[in-house]
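Here the working numbering = 1-based position in the sequence shown + 1330.
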Amino acid sequence: MIFLTEAREFLLQLDEKSRDKIIFNIDKAKIKNDNELFKKLKGEIWEFRTLFNKTHFRIFSFWDKEDKQETLVLATHGIIKKTGKTPEKEIEKAGQIRMKYFELKNFRKNGNKK
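This is the structure in structure tokens:
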């Protein structure tokens, strides 16, 4: 699991107990397939879900399966969810971060070749 800048900043702004619960649930989702913890939203975007002290935390993520040796899950950003439905703009934001990630990765892999 890799936390990109916005996801890391989101976690750091939370109180320690909330952050610990989110990390605990992410670790739990690595070994147990549970839609209450890790759920596919739309396209290639997923969310880690945590309910702690009546607060709904969401960490958006995507998979990088290009390297045949290792599959990575990258966390894009997080929100505190106030409504029943995940805001579409947050799913779109995660999708844009995903696209930028792969563009940069491919640029680095291919160099400046055109």
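Ideal placement from N, C-alpha and C gives every residue a C-beta, glycine not left out.
Residue burial annotation: Arg1438 is exposed, with fewer than 16 other C-beta atoms found within 10 angstroms of its C-beta.
The way I'd put it, the region 1375-1387 does touch the region 1346-1362; three or more beta-carbon pairs between them come closer than 8 Å.
With respect to the 8 Å criterion, His1407 and Phe1390 are classified as neighbours on the basis of their beta carbons. Around the beta carbon of Glu1422, fewer than 16 other beta carbons sit within 10 angstroms, so the residue counts as exposed. The beta carbon of Leu1334 is closer than 7 Å to those of Leu1404, Ala1405, Thr1406, Ile1427 in its chain, skipping five residues each way along the sequence.
Within its own chain, no residue has a Cβ closer than 7 Å to the Cβ of Ile1361 once the five positions on either side in sequence are excluded.
Judged by beta-carbon spacing, Leu1371 lies beyond the 8 Å limit of Asn1355, meaning their Cβ atoms are not closer than that value. Ala1405 is bridged by DSSP to Phe1333, Ser1391.
Residue pairing from DSSP places Glu1377 in a beta bridge opposite Lys1369, Phe1390.
Note on Phe1392: 16 or more other CB atoms within 10 angstroms of its CB, so buried under the neighbour-count rule.
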